[in-house]
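Before any comments, here is the structure.
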């Protein structure tokens, strides 16, 4: 094992190219923090990239280089992992060896804790890119008499830093010293000296601290480490756990001030930075075909706008997925990379079903142009879904993304949460100029408004599919409810599923069926608005 | 009159003080093997060594070794005995290992720490 999985390695390799547009975005979207310091605009402090997706965007480039940062949070909030990821990424990707001084777990324990994330600490130690020093303080073993200082700690840290030429240092969790030593006065003045000393060494340091009652840390470490403070939080709501991260303080730099959800999974930590909607996406003029010629015609003859967001809504069995399949097929034919999130069917099921109406998506999957990502909505919390989707999008770099059906996600969280999550997701896709199609399952006549208002205002194009029954005939209809920025058709179009896909007929208002159509369209409108 | 020997231990570059005659077959259990960790010749470390010698001469006559380790010269030795504060006195023998940190100015507490006196 080389420290990281191939996937992680690739991600890190793509890091800077992935980062710069996002940084630009964040630069535009974040409001300047209050304590931006005396620095002139644009001349921010030098920073050390963490390599943690999202965190580098929020902090606009990482942690303050050559200064200490405090990371605090409750037990199990991910402090150690965050700190360790900072070290490992530094050693592997940024040519900055690191020192971990741990006060709670020994080398072996730490190494086995993070082995599942693909971090091979023994290998890094062997390569002299990492040094770990486990400091154990046992109060029962120690008698204190007279004056002392913590020079021993300094000597050890200095030795470790020299051994690997460290540029990054993590102290995890130095507050343990307060449990091991009795003389708080000495301890406090020595810690102050230590943080000063770390600055003098020019190392970028991360100090972790346990969340205290009414204070950021139990021992008030925030008083000593005043350059940057990051707070981690782990909440459980409705049995769904959400981790959140907030940059409480970042002296001399702008930073995102919100709480950002983050996730710890097999790939380590990811933070979601996108939550402030600045509405500053570009507005491309070029258009992409819907895959159905007649529908393109209805959309002023040229299909959807590239980078726009399209909602396809309809009750069960109205052909939402089929319309999405047409769109995917057309996009792949143009050579675009398409990503499809499935929350209802398995990819195999979808491929089979679409083949039955003459749309064969399999070759695109084989060619690597189309990727499916199927998951049960109930499997994780909303934030996890959101982070996962972000990750998959960032890895695959699609230009078209389909979420089928987006409504299944509604079951996972509260109304506000779902709306917030979708807003962030759509915002992210728009920013990246990805054309997004979301299908929405309307549960008969109930709950429609609730479902639709959640996301409808975010949509550029909204196509409604409906069934109705006239006499003994079951008809399928489609109309464009809205489509921003184009003169779209207002007709209700009947369509049939053929073995060559959806076939749209001319407007339902044909002379012989005028009355039915009027009825039908009214019924449809009634059902959806 | 006891003989105080002072010799350097090459592999550790540290000073060793002993008042035991080399040939003595003193009861191994009663020999105190002590190590004093310091960081440079600071007033605190000088004071600690002075205090330690006094206490040993008074209470451990003829049955102690003191090894003085300067961490400035041998930083790598700090890990082994988990040294953090200086000065730190480590009682390596008899077991269990005991640590006393500080300049050892409170004789009473040093004796308690070395198990030479019962905790009050």
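Residue numbers (our numbering), protein chains in the order written: chain A, 1 to 529; chain B, 530 to 649. Just so you know, even glycine gets a beta-carbon here, dropped at the ideal spot from N, CA and C.
Given a threshold of 16 other Cβ atoms within 10 Å of its Cβ, counted over all protein chains shown, does residue i qualify as buried or as exposed?
i              : result
residue 531(A) : Residue 531(A) falls outside the range modelled here, since chain A spans only 1 to 529, and no answer is possible.
residue 165(A) : exposed
residue 170(A) : buried
residue 202(A) : exposed
residue 637(B) : exposed
residue 496(A) : exposed
residue 575(B) : exposed
residue 25(A)  : The pLDDT assigned to residue 25(A) is 42, lower than 50, so where the model puts this residue is not dependable; a value taken from the coordinates is nonetheless given after this. Label assigned to residue 25(A): buried.
residue 261(A) : buried
residue 379(A) : exposed
residue 381(A) : buried
residue 106(A) : exposed
residue 642(B) : buried
residue 175(A) : buried
residue 552(B) : In this prediction, residue 552(B) has a pLDDT of 47, which is less than 50 and means its spatial position is unreliable; nothing more can be read from the coordinates.
residue 116(A) : exposed
residue 285(A) : exposed
residue 97(A)  : buried
residue 27(A)  : Unreliable positioning characterises residue 27(A) in this predicted model, as indicated by a pLDDT of 39, which lies under 50. The coordinate reading is nonetheless provided below. Counting Cβ neighbours within 10 Å, residue 27(A) comes out exposed, since fewer than 16 surround it.
residue 270(A) : buried
residue 587(B) : exposed
residue 568(B) : buried
residue 354(A) : buried
Is there at least one non-hydrogen atom of the ligand PLP closer than 6 Å to the beta-carbon of residue i?
i              : result
residue 348(A) : The ligand PLP is absent from the structure shown, which contains no ligands of any kind.
With distances taken from CA atoms, which of the options is nearest residue i?
i              : options                        : result
residue 502(A) : 327(A), 433(A), 394(A)         : 327(A)
residue 131(A) : 157(A), 442(A), 142(A)         : 157(A)
residue 364(A) : 358(A), 333(A), 128(A)         : 333(A)
residue 321(A) : 373(A), 352(A), 439(A), 293(A) : 439(A)
residue 204(A) : 411(A), 83(A), 348(A), 384(A)  : 83(A)
residue 233(A) : 217(A), 109(A), 410(A), 484(A) : 217(A)
residue 311(A) : 463(A), 126(A), 295(A), 297(A) : 463(A)
residue 627(B) : 65(A), 137(A), 143(A)          : 143(A)
residue 209(A) : 224(A), 367(A), 198(A)         : 224(A)
residue 644(B) : 620(B), 590(B), 630(B)         : 620(B)
residue 294(A) : 313(A), 427(A), 323(A)         : 323(A)
residue 213(A) : 138(A), 245(A), 93(A), 74(A)   : 74(A)
residue 55(A)  : 491(A), 388(A), 245(A), 287(A) : 245(A)
residue 127(A) : 112(A), 141(A), 145(A), 163(A) : 163(A)
residue 78(A)  : 236(A), 243(A), 307(A), 493(A) : 243(A)
residue 347(A) : 370(A), 335(A), 336(A), 337(A) : 370(A)
residue 136(A) : 113(A), 111(A), 181(A)         : 181(A)
residue 342(A) : 109(A), 377(A), 491(A), 390(A) : 377(A)
residue 247(A) : 58(A), 489(A), 470(A), 366(A)  : 58(A)
residue 306(A) : 470(A), 289(A), 423(A)         : 289(A)
residue 190(A) : 613(B), 592(B), 634(B), 566(B) : 613(B)
residue 498(A) : 442(A), 461(A), 356(A)         : 356(A)
residue 198(A) : 91(A), 160(A), 394(A), 470(A)  : 160(A)
Since residue i and residue j should fall inside the 8 Å C-beta cutoff, what is the C-beta to C-beta distance between them, to a whole number of angstroms?
i              : j              : result
residue 616(B) : residue 594(B) : Not confirmed; about 17 Å, so no contact.
residue 53(A)  : residue 255(A) : The pair is not a contact, with the Cβ atoms about 16 Å apart (cut-off 8 Å).
residue 319(A) : residue 465(A) : 5 Å
residue 373(A) : residue 339(A) : 7 Å
residue 436(A) : residue 315(A) : Not quite, the Cβ-Cβ distance comes to about 22 Å (not below 8 Å), so this is no contact.
residue 358(A) : residue 500(A) : 4 Å
residue 48(A)  : residue 168(A) : 7 Å
residue 600(B) : residue 607(B) : 5 Å
residue 102(A) : residue 172(A) : 5 Å
residue 640(B) : residue 561(B) : 12 Å between Cβ atoms; not a contact.
residue 344(A) : residue 404(A) : 7 Å
residue 563(B) : residue 577(B) : About 11 Å; that fails the 8 Å criterion.
residue 145(A) : residue 634(B) : 6 Å
residue 63(A)  : residue 50(A)  : 6 Å
Could you pull out every unbroken alpha helix (DSSP H) segment of at least 4 residues lying fully inside the stretch 303-385 of chain A, listed in chain order? 320-333, 347-355, 362-366
Are there three or more Cβ pairs, one per stretch, closer than 8 Å when the stretch 62-82 of chain A is compared with the stretch 223-234 of chain A? yes
Mind listing, in chain order, the continuous beta strand (DSSP E) runs of no fewer than 3 residues lying wholly within the stretch 137-177 of chain A? 142-144, 168-172
Counting Cβ pairs, one atom from each stretch, are 3 or more of them under 8 Å apart for the stretch 179-198 of chain A and the stretch 139-157 of chain A? yes
On the three-pair Cβ rule with 8 Å, is the stretch 470-477 of chain A touching the stretch 299-311 of chain A? no
Can you list the beta strand (DSSP E) stretches of 3 or more residues lying completely in the stretch 44-129 of chain A, in chain order? 68-73, 98-102
Contact between the stretch 399-407 of chain A and the stretch 426-439 of chain A: three or more CB pairs below 8 Å? yes
Looking at C-beta atoms only, is the number of pairs between the stretch 120-128 of chain A and the stretch 140-149 of chain A that lie closer than 8 Å three or more? no
Which parts of the stretch 452-488 of chain A are runs of the beta strand (DSSP E), unbroken and 3 residues or longer, counting only runs that do not cross its ends? 461-470, 473-483
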